[in-house]
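4 protein chains.
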Amino acid sequence: MSTDKKTGIGVIGCGYWGPNLIRNFYQLSESAVVQVSDLDEKRLAHIKELYPSISTTTDYNELIRNPDVEAVVLATPVRLHAPMGLEALQAGKHLLIEKPMALNTAECRDLITAAKENDRILMVGHTFEYTSAVRKMKEMLDEGILGRLYYVNTQRLNLGLFRNDVNVIWDLSPHDFSILLYLLGGKTPNGVRATGAAHINPEVEDVATVTLDFDDDLIAFVQASWLDPKKVRQTTLVGSKKMLIYDDIEPTEKIWLYDRAVEGPAQYDTFAQFPYTYRYGDITIPRIGGTEPLRAEAQHFVHCIQSGETPLTDGYSGLRVCQILEATTASLKSGGARIELES
Amino acid sequence: MSTDKKTGIGVIGCGYWGPNLIRNFYQLSESAVVQVSDLDEKRLAHIKELYPSISTTTDYNELIRNPDVEAVVLATPVRLHAPMGLEALQAGKHLLIEKPMALNTAECRDLITAAKENDRILMVGHTFEYTSAVRKMKEMLDEGILGRLYYVNTQRLNLGLFRNDVNVIWDLSPHDFSILLYLLGGKTPNGVRATGAAHINPEVEDVATVTLDFDDDLIAFVQASWLDPKKVRQTTLVGSKKMLIYDDIEPTEKIWLYDRAVEGPAQYDTFAQFPYTYRYGDITIPRIGGTEPLRAEAQHFVHCIQSGETPLTDGYSGLRVCQILEATTASLKSGGARIELES
Amino acid sequence: MSTDKKTGIGVIGCGYWGPNLIRNFYQLSESAVVQVSDLDEKRLAHIKELYPSISTTTDYNELIRNPDVEAVVLATPVRLHAPMGLEALQAGKHLLIEKPMALNTAECRDLITAAKENDRILMVGHTFEYTSAVRKMKEMLDEGILGRLYYVNTQRLNLGLFRNDVNVIWDLSPHDFSILLYLLGGKTPNGVRATGAAHINPEVEDVATVTLDFDDDLIAFVQASWLDPKKVRQTTLVGSKKMLIYDDIEPTEKIWLYDRAVEGPAQYDTFAQFPYTYRYGDITIPRIGGTEPLRAEAQHFVHCIQSGETPLTDGYSGLRVCQILEATTASLKSGGARIELES
Amino acid sequence: MSTDKKTGIGVIGCGYWGPNLIRNFYQLSESAVVQVSDLDEKRLAHIKELYPSISTTTDYNELIRNPDVEAVVLATPVRLHAPMGLEALQAGKHLLIEKPMALNTAECRDLITAAKENDRILMVGHTFEYTSAVRKMKEMLDEGILGRLYYVNTQRLNLGLFRNDVNVIWDLSPHDFSILLYLLGGKTPNGVRATGAAHINPEVEDVATVTLDFDDDLIAFVQASWLDPKKVRQTTLVGSKKMLIYDDIEPTEKIWLYDRAVEGPAQYDTFAQFPYTYRYGDITIPRIGGTEPLRAEAQHFVHCIQSGETPLTDGYSGLRVCQILEATTASLKSGGARIELES
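Protein chains in written order, with our numbering: chain F, 117 to 459; chain E, 117 to 459; chain G, 117 to 459; chain W, 117 to 459.
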């Protein structure tokens, strides 16, 4: 296999998510998957069968030292992100890390520093920022269609896949936090509260609700659960002018824009009447294109490597999400107390 | 109109909910609506047109003193529940109060005391406890079909109807709290946390999330909103054996029982594998009867008056819900802190 | 009860549908229900309890001769529509007949003639033409939003209510036929074919599919069933520019307008390629007002009586629907053959 | 690539469906895709990129003569099925043909004869017979859960993909006919009627409704359309004891079993009452496994080649479906007349 003009990719981790990354980098014309590493030889044999051209190894150090590997993609358990990522950056490789970026913000900062020092691209796999649906919402918000944002409500629920290394917030909510920060164009929350409980593995919360407070009374509720009978992937954005539901389970009708709003009374104190005005207009379901987001993400990573551009979901993006995650853990430990965040 | 064998009912308040109460007590063969009171003469004229036999008055004192009125039904703003209710009980009338029972637990206790002293029936309008769907869930829980209850998640969302006298938790969540307490057979939460925000009327929260902690790691999330584009009335019960979704928007397919569960690892620490077992079985949607719950509630009230029985949703039931409501307000004021509840 | 300015209404038949008619005419400020007739004394007692001011009788002749009754509303089995309707018209009463208008087109014509000779209003209860959803579709079609209409597909399915007097097409499809004729602004089909089968009562078809051919290749499929597990009330309109689904089960989101279309090849014969162009745009769900259609129908009837206007759903409208019904019966009898209709 | 124990497969046609067949035979451990043929070199290059081990050719004769190809899979336009299929059989290859099997029953019989004479496996790609959902329904019917089957209603609707070589019935309805014949265990219809219209390409019907009459008053309505805004893949089975809806669009909740039935009156003639009994019980949604049906189909083909077993969807199965298709065309031509079928 020639990697003349193609960026050579090495993927560490072939468990649940790794094969999707391999497939996408394999199918891109701009990149070639050179090597794949995993501790499990069966997984490697399976990859070899699907893609005979890819070399495999149980020793990730071999992959990191492989001169044909220009960029490393990490799809390992979270606790390995920072150590393996630092090694890769120090070996001069570009780096794409699955979310969440690391176990804590200190590790995130180390990764950012190492990327700077070695002048390498560092990107975090906040895949949803590469979906057509989230881009469409961003567009609508930026055009002011929703007016001032009042309230965001998200639910990411299903049965499984339980993890032992991180709790359900660290597993599922990075998606919602990264979507939210992207939609808000960089606004970060002032305060974070989290409540939850651990039922199956007593060390690891499997259901949780997070509240994020932003400036201007914007509040966001973020629910995550591995213990729900039905898969739910839903985000509601309520603005002063319009409201929107984004349902990621729907194959095509993902965004419902409601021309609805309510206006309150100016100055009113009689109990018997409620001088609120409700506006109920049409619903619009915009046509959303159907590219696989992981393909767009992979393409963006390769593009940044080849052009030197800063990724949309760079290390700072990963750090901001990790700040919120860290705060949720602190809040859970202190019984739901509000954790202040510096901006 | 003769009220020979029929229990004479007087209804105070003809706003949004009053007419439903009037219609149901009117149509029962065991009761007769004798008099209706409201400050708004237009509302009274409307009632008079629909039911020429009912006498109307703008003076609720007249209704309370009316000897043909044996029982008073209060559908007024919450702040009038206690003062009017006390007057009615002291005048020897039985009393049905709309939810929430009163502005605080002190008022609830006063009402309970007054009912005892005057030997009158005191009932609170926790309508959902009279629905076939909630009864079906209670049956399932009592039979142990769900196993040990892990987690309850409820959403009661829609656009409007905004109120000025109470916030969205006091308006909508009494339904969920009363359902929950009923399902748990009296178990009350140990701790209550609430977060929320006020967007339309800066004094009154219009979106909120409440967390209730019970014994045995049971946790309940209760969301309420007047600011959502879509009407949602959903409760998820997750047990160790089965899971259930109760969707009250569905006209007939209200309860979905999922034969699904997850079992965790006994003792496990390797990161690379997830030895959880997931069971995915059939879904069952039981046939639910369709009686109007308000009719069942009205019938139960009249039955208790005529038989002397204690209502299912008696003053203590109202008090317990009010305790939680009071705690949510305290938690909101202290930025989401956990408020301990005595049992 | 005074009927000074109110039009006096007499309703014959208090079975399934009658009480809805009574309630609506009762609540209108322009009309008063004077008398109700039914063979079943229990039904009459029930009506009397709900509306003490209405006089009741088991003898419909008494109602027709009642001088306070200005207009008769027929909610009886179909075979009584023509004989009772003729008596009423000849007695000088205005007449509203439930759908289908009569057992055959000869009876329809007799009723039309009698109405003319006695100068009375004759209206048929094609309720759906008074719904906001059907009016909205008519508006869209008249504005040309859908382009040229290609194809209409309707399903009206549920379990029960079985009838012995007419088959499922005569029971359910008058709704679809009247909607269709209304939408097409008077266009009637050139040919009618029907297939069906009778399972529960061997004399009466309980499932059926009707095909209607119109000019310009417009084709309509109309399905009716008393034997389906799920209630379906759906109409699809496919035009050259846009497409629309009208789902009457949905409480508010009844009309889905799809900005979708396909354009075919001009002249093409190679098999390997399909040079069709598909356009997939947004979906719009217009806000539909929520008046009870039966109220609008009742109001229109009274308005026509008081103003002398011709009803939207007059005798000819009933006749046109009956022509199609008659043709479906002929087609069923001849094994599905195409029955030509004169325009 | 070694094909020692693996059955060597050659695929002719890489358009819409071919790549799915290639992928499945490629991934099976029991087979190897040796060669692929198509007229379009771009398609071949695409396949080569995905599977470098597969040889490609624009000359299907080369593939048929390739000694490493033991079995030919035809995914070409329908008019090429018989000529290419006969060549392949005569060259000693086993044969899998996409549905519909051929342009007419004469061609089907020729293929069956050729397969017999050359002692080769002949199978038709009625993929749905290999789905878990259809197998589950077959099981339920065979166990008598639904009782006597009254009525089947299917809808297979969407926008596109238009074809020029066959009409919408020939394109989409083979799925429904093969499912139906499979469920009925070989029962074939006595009569076939079809109505439809051609809007986009005036030579090719794009919407149609077919009625099939079976013994014992069983009737089936089969709708097909390339001109609907929404994708629908639904089958309703109504039996004397239970009813079932199979919705193939649903990712997991595909089968809804309704414990509902109706029983008619024995002997009744009074019009005012309807002594039908309706039973409304629970709904059950059985858990359906999720294997890709095309994989199961591919596996079955290879298994039959290796074992000599007769395929579930053999030539006769293809012939029976083609008989119905032929009858629909005859019925369409004669304006919807009933076409008798020999069993």
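Cβ coordinates follow ideal geometry from the N, Cα and C atoms, glycine included.
Counting C-beta neighbours from all protein chains within 10 Å, is the total for residue i 16 or more, i.e. buried, or is it exposed?
{"i": "residue 151/F", "result": "buried"}
{"i": "residue 358/G", "result": "buried"}
{"i": "residue 198/G", "result": "buried"}
{"i": "residue 175/E", "result": "exposed"}
{"i": "residue 231/W", "result": "buried"}
{"i": "residue 171/W", "result": "buried"}
{"i": "residue 277/W", "result": "exposed"}
{"i": "residue 206/W", "result": "exposed"}
{"i": "residue 495/W", "result": "Lying outside 117 to 459, the shown extent of chain W, residue 495/W is not represented and no answer is given."}
Between the alpha carbons of residue i and residue j, how many angstroms are there, rounded?
{"i": "residue 310/W", "j": "residue 326/W", "result": "4 Å"}
{"i": "residue 226/W", "j": "residue 131/W", "result": "26 Å"}
{"i": "residue 269/E", "j": "residue 317/G", "result": "48 Å"}
{"i": "residue 186/E", "j": "residue 413/E", "result": "17 Å"}
{"i": "residue 371/W", "j": "residue 406/F", "result": "28 Å"}
{"i": "residue 190/W", "j": "residue 209/W", "result": "12 Å"}
{"i": "residue 375/G", "j": "residue 395/G", "result": "8 Å"}
{"i": "residue 136/G", "j": "residue 260/G", "result": "36 Å"}
{"i": "residue 346/G", "j": "residue 275/G", "result": "7 Å"}
{"i": "residue 279/E", "j": "residue 409/G", "result": "31 Å"}
{"i": "residue 162/F", "j": "residue 143/W", "result": "11 Å"}
{"i": "residue 222/W", "j": "residue 251/F", "result": "55 Å"}
Looking at the structure shown, is residue i part of a helix, part of a strand, or coil, going by DSSP?
{"i": "residue 447/E", "result": "helix"}
{"i": "residue 457/F", "result": "coil"}
{"i": "residue 201/G", "result": "helix"}
{"i": "residue 359/F", "result": "strand"}
{"i": "residue 287/W", "result": "helix"}
{"i": "residue 180/G", "result": "helix"}
{"i": "residue 317/G", "result": "coil"}
{"i": "residue 239/W", "result": "strand"}
{"i": "residue 396/W", "result": "strand"}
{"i": "residue 218/E", "result": "coil"}
Assuming residue i and residue j make a contact with CB atoms under 8 Å, what is their CB distance in whole Å?
{"i": "residue 290/G", "j": "residue 330/G", "result": "That belief does not hold up - the Cβ atoms of residue 290/G and residue 330/G are roughly 18 Å apart, past 8 Å."}
{"i": "residue 337/G", "j": "residue 295/G", "result": "Rounded, the Cβ-Cβ distance is 14 Å, inconsistent with contact."}
{"i": "residue 353/F", "j": "residue 253/F", "result": "7 Å"}
{"i": "residue 313/E", "j": "residue 392/F", "result": "Not confirmed; about 17 Å, so no contact."}
{"i": "residue 444/W", "j": "residue 308/W", "result": "6 Å"}
{"i": "residue 273/E", "j": "residue 344/E", "result": "4 Å"}
{"i": "residue 441/E", "j": "residue 216/E", "result": "6 Å"}
Please list, in chain order, all residues of the same chain as residue i whose beta carbon is under 6 Å from its beta carbon, the five residues on each side excluded.
{"i": "residue 229/W", "result": "none"}
{"i": "residue 203/W", "result": "180"}
{"i": "residue 218/E", "result": "197, 198, 224"}
{"i": "residue 283/F", "result": "320, 321"}
{"i": "residue 248/W", "result": "404, 405"}
Could you name the residues of the same chain whose beta carbon sits closer than 7 Å to that of residue i, not counting the 5 residues immediately before and after it, in chain order?
{"i": "residue 428/E", "result": "245, 416"}
{"i": "residue 123/F", "result": "146, 147, 186, 187, 418, 421, 422"}
{"i": "residue 356/G", "result": "263, 264, 266, 377"}
Residues of chain A with a CB under 7 Å from the CB of residue i: which are they?
{"i": "residue 346/W", "result": "This model lacks chain A altogether; the protein chains it does include are F, E, G and W."}
Among the residues of its own chain, which have a CB less than 8 Å from the CB of residue i, if the five just before and after it don't count?
{"i": "residue 258/G", "result": "301"}
{"i": "residue 348/F", "result": "271, 272, 273, 274, 365"}
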